[in-house]
Structure formats: structure tokens, C-alpha cells
Amino acid sequence: MQHVMQNQLGPESCDSQSWQGCQIKPVWPEQQVHALHAYFNCCPESPDGRWIVLFVSEQADAQVGDICLVERATDRTLILDQGVQVEDAHRQAMQQWSANGQYVIYMKPCQNQWQVIRADVKTRELTVLFTGAQLFCGQPLQDHVPLYGMPWAPGEHRDLVLLNVRTGEYRTAVTLKQVLADHALVIERMFDGRVPDSIAYPVLSPDGSRVFFKLSCVGDKQYRSNKASLREGLFVYDLHKALPLGLYPSWGHPAWMPDSKHVLRMNVIIDTDTMQTREIPWYPSQSNSHASSSPDGTMLVMDVARDAFTAKEFHWAIVVGDDQTNWHRIHTDPAPRHGTTSWRPAHPHPVFSADGKRIYFNANMGDWTSLQVAHCID
């Protein structure tokens with residue numbers, strides 16, 4: 017098998033054949049709730065493999081719930097924060113691991129202001145680190161997380177901010193003004209002459225040296241609306257040098273590869289040194305698929321609801337494969353569409369564990385969506 021990356025970067029993952037007979041079970045013990053993980057860029061399992069963080073809600077729309085932990089060895093459950101309101105069920109509170117698993121970082125609104133909160137896993141202490149911006153995807157071994165302004169009303173938060181989760185210190189890493197100057201002609205065409213209002217949805221590379229993000233124009237200014245903002249592009253920057261590396265014209269649910277150089281964007285892999293791309297031959301060309309890489313860069317996992325990759329049309333399936341020709345479907349949801357009634361529902365968002373032996377994904381079981389874990393057979 018030709019590897020996605022030529023040099024092994026992390027623990028050796030199971031190969032495609034090993035995933036065929038994988039064992040799948042729910043993470044949360046209760047079935048009559050939504051139990052969700054946030055995003056395919058953020059593994060819910062802690063770096064040491066001890067805990068799983070997830071958002072649990074009894075509401076049909078899953079827009080209010082609890083930030084919870086499950087201890088993998090014992091199935092013991094803990095609640096870090098209760099009654100957390102979220103923008104949607106799609107990524108919930110953006111709950112994620114940080115600082116080598118010492119903290120869970122998440123966001124929630126309080127008195128019309130978004131707060132970024134640190135939960136100390138050992139002490140259960142909650143600390144508000146930042147107010148007025150939203151949280152997107154950091155890396156579990158890094159001490160910084162990226163913040164951005166609310167797309168429907170960015171206010172003064174129009175730039176990319178890096179927040180140190182240990183100290184609470186923050187700095188502006190990339191300014192909107194710089195991005196508009198670096199890519200002026202392309203942005204003008206991309207947004208039909210409109211000037212973007214903010215940077216949006218920044219994702220840090222595994223080593224923290226690079227970032228990609230979108231640009232956003234304010235739309236109907238509604239908090240929960242598909243027209244809240246117009247978001248376009250895939251912009252890549254070197255954070256150490258504060259310099260542009262390039263751009264790709266459309267977003268397409270990108271994810272960093274483990275080498276912090278390549279980006280997996282649906283059916284293409286982008287080299288961010290050159291912005292050259294190569295296609296994954298078997299990957300379907302549907303727009304709402306999410307793909308991520310194993311820690312050693314040899315395997316891919318994706319969700320798909322169409323084509324030959326799902327056993328039933330519009331039932332989400334989870335597919336594992338390499339970047340050449342080998343792939344296997346390991347799961348198809350028993351119910352179609354989405355379990356949550358949120359205006360932006362939860363998607364499977366599959367992601368590997370840090371050792372490459374497990375895959376986490378949200379599954380629609382009918383009225384409820386449940387976080388599942390697949391264990392490969394070595």
C-alpha cells in the first residue's frame with residue numbers, strides 16, 4: 017500500500033483490511049439522549065487514551081446540553097458543565113482537548129457574549145479565558161487554540177487570535193487586513209466585489225506552525241440562520257513568519273495531515289508548500305463529506321451518504337481506506353438523515369484516536385444521535 021505520507025509520523029495504524037472486522041459500540045451508556053462529539057478535526061479521546069469528551073443533550077434539537085467525560089477503562093461518566101447553550105448540534109460547544117490533555121476547552125454564550133472556557137480535567141475547575149469571540153480547532157498537544165469573531169456579527173474580532181490556554185494570554189496571529197492585501201484580486205472575484213468582514217473557522221496544524229481558515233461576509237445577521245454569513249476560500253498561513261502560503265478556491269471540509277504540511281480536502285491532498293494537489297482515485301465527489309487522516313498518515317476515514325459507498329441512499333456511512341485504491345465500509349447508519357432536529361444537525365465527523373486503533377463518529381440511530389467508537393482488529 018502506498019502511504020499518504022512517505023515517512024511514518026505517529027503510531028502505526030491498522031491497515032484497511034484490519035478495519036473490515038472492527039467492533040463498534042456506543043460511547044455513552046444512555047440511549048435516549050443525543051451524545052455527540054464536535055468535529056472531524058478534533059478527536060474526542062484524550063491524548064493519553066483515558067477520557068472521551070462529548071456533548072450530551074436530552075433535547076430534540078441538542079442545542080442545550082452538558083459537557084461530559086467518559087472514562088474508557090471503566091465507563092464512568094462525569095459532568096464538567098451543565099446547561100450549556102450551543103449555536104447548533106453540528107459542532108456543539110466545539111469541545112476539544114488541549115495542553116496535552118490537561119484541559120477541555122469549549123465555548124458557550126453568556127449574557128449575549130460568547131465565552132471560551134477552560135475545564136481542568138483533574139480539578140474540575142472552570143475558567144473563562146476569553147469573551148467576545150468563538151473557538152475553532154486547536155490541537156490536543158498544543159497550548160494554543162484559535163479564536164475568531166462571530167460570523168454574523170464579528171464586531172471588533174475580525175482577525176485570527178491565538179489564545180494560550182495555560183496562561184490566558186492571547187495575541188493577534190493573522191489580521192484580516194493582511195489577508196485582504198495578500199490576496200486582493202482573488203478575494204474580489206471570490207466575493208463578487210464585497211469586502212469580507214472577518215477571518216472564520218481557523219484550524220491549527222498538528223505542530224502549531226500553520227493555520228488554514230475561511231473569510232466571511234456578514235449576511236442576515238441572525239444567530240441561527242443558514243444565511244448568517246457568506247464564507248469562502250481556503251487560506252493557508254505560516255504562523256511563525258506570519259506569511260501566506262497560498263489558497264484553494266473552495267473550503268470542502270479540510271483537515272490537516274499529521275506532517276503539518278499537507279491538507280486533506282475531500283478527494284484531493286494539498287501540499288501547502290506549493291499548493292499543488294493530487295487526487296485520491298476512489299474518493300466520491302460529493303460536497304458534504306468529511307475526511308481525516310490516521311496519526312501515521314497511512315489511512316483515511318470519511319463519512320458519505322451517497323454513491324456506492326453507503327448501503328442505503330441518504331444513510332450516513334463510515335468508510336476507511338488508503339489514498340490509492342483500497343477502501344472498506346465499516347458502518348451504515350440504521351436511520352436516514354440526521355437524528356437531531358437542530359437547524360444545523362450533527363454529522364458523523366469521523367476521526368481517529370491518537371494511536372490509530374479507534375475511530376469515533378456520530379451515528380443517527382433514529383430519533384437520537386449517538387457517538388460510536390470502532391475498534392480495529394489487529
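Here the sequence shown stands for residues 17 to 394, numbered as in the working numbering.
Backbone N, C-alpha and C define an ideal beta-carbon position, used for all residues, glycine too.
As the structure is a computational prediction, the values presented were derived from the model and not from experiment.
Asked: Residue 118 versus residue 318: straight-line alpha-carbon distance, rounded; Found: 28 Å
Asked: The segment 104-114 in contact with the segment 354-362 per 3-pair CB rule at 8 Å; Found: yes
Asked: Length-filtered (3 minimum) beta strand (DSSP E) runs lying within the segment 44-69; Found: 50-52
Asked: DSSP three-state assignment for residue 88, whether helix, strand or coil; Found: coil
Asked: C-beta atoms of residue 330 and residue 300 nearer than 8 Å; Found: no
Asked: Nearest neighbour of residue 187, chosen from 197, 198, 174 and 199 [CA to CA]; Found: 174
Asked: Proximity of residue 69 and residue 81 at Cβ, strictly below 8 Å; Found: no
Asked: Boundaries of the alpha helix (DSSP H) in which residue 193 is found, first to last residue; Found: 192-198
Asked: Delimiting residues of the beta strand (DSSP E) encompassing residue 130; Found: 129-136
Asked: Close Cβ partners of residue 86 (< 6 Å) along its chain, the five nearest in sequence each way excluded; Found: 43, 68 and 93
Asked: Residues that DSSP places opposite residue 41 in a beta bridge; Found: 389
Asked: Counted within 10 angstroms of its Cβ, other Cβ atoms place residue 122 as buried (16 or more) or exposed; Found: buried
Asked: Sequence-distant residues of the same chain with beta carbon closer than 6 Å to residue 57, five excluded per side; Found: 153, 219 and 271
Asked: As assigned by DSSP and simplified to three states, the class of residue 201; Found: helix
Asked: Continuous beta strand (DSSP E) stretch holding residue 293: start and end; Found: 292-295
Asked: Beta-carbon proximity check, residue 164 vs residue 176, cutoff 8 Å; Found: yes
Asked: Beta-bridge pairing of residue 80 - partner residues as DSSP gives them; Found: 101
Asked: C-alpha distance - residue 382 paired with residue 327, whole-angstrom precision; Found: 17 Å
Asked: Pair within 8 Å by beta-carbon distance, residue 253 and residue 291; Found: no
Asked: Euclidean distance between Cα positions of residue 228 and residue 335; Found: 25 Å
Asked: Nearest neighbour of residue 63, chosen from 259, 155 and 33 [CA to CA]; Found: 155
Asked: Identity of the residue in 139, 333, 322 and 315 nearest residue 29 by Cα; Found: 315
Asked: Expected contact under 8 Å - CB spacing of residue 97 and residue 135 to nearest Å; Found: 7 Å
Asked: For residue 115 and residue 185, the rounded distance between their alpha carbons; Found: 14 Å
Asked: Nearest-angstrom beta carbon gap, residue 346 and residue 307 [assumed within contact, 8 Å]; Found: At roughly 14 Å, the Cβ-Cβ gap does not stay under 8 Å, so residue 307 and residue 346 are not in contact.
Asked: Check whether residue 321 and residue 333 have beta carbons under 8 Å apart; Found: yes
Asked: Beta-ladder partner(s) of residue 108, from DSSP; Found: None, per the DSSP bridge assignment.
Asked: Beta-carbon contacts of residue 89 that lie in its chain and below 8 Å, excluding the five residues immediately before and after; Found: 66
Asked: Residue span of the beta strand (DSSP E) that contains residue 248, given as start and end; Found: 245-254
Asked: Secondary structure of residue 359, DSSP reduced to three states; Found: coil
Asked: Backbone CA spacing between residue 375 and residue 209 [nearest angstrom]; Found: 42 Å
Asked: Rounded separation between residue 354 and residue 205 - CA only; Found: 35 Å
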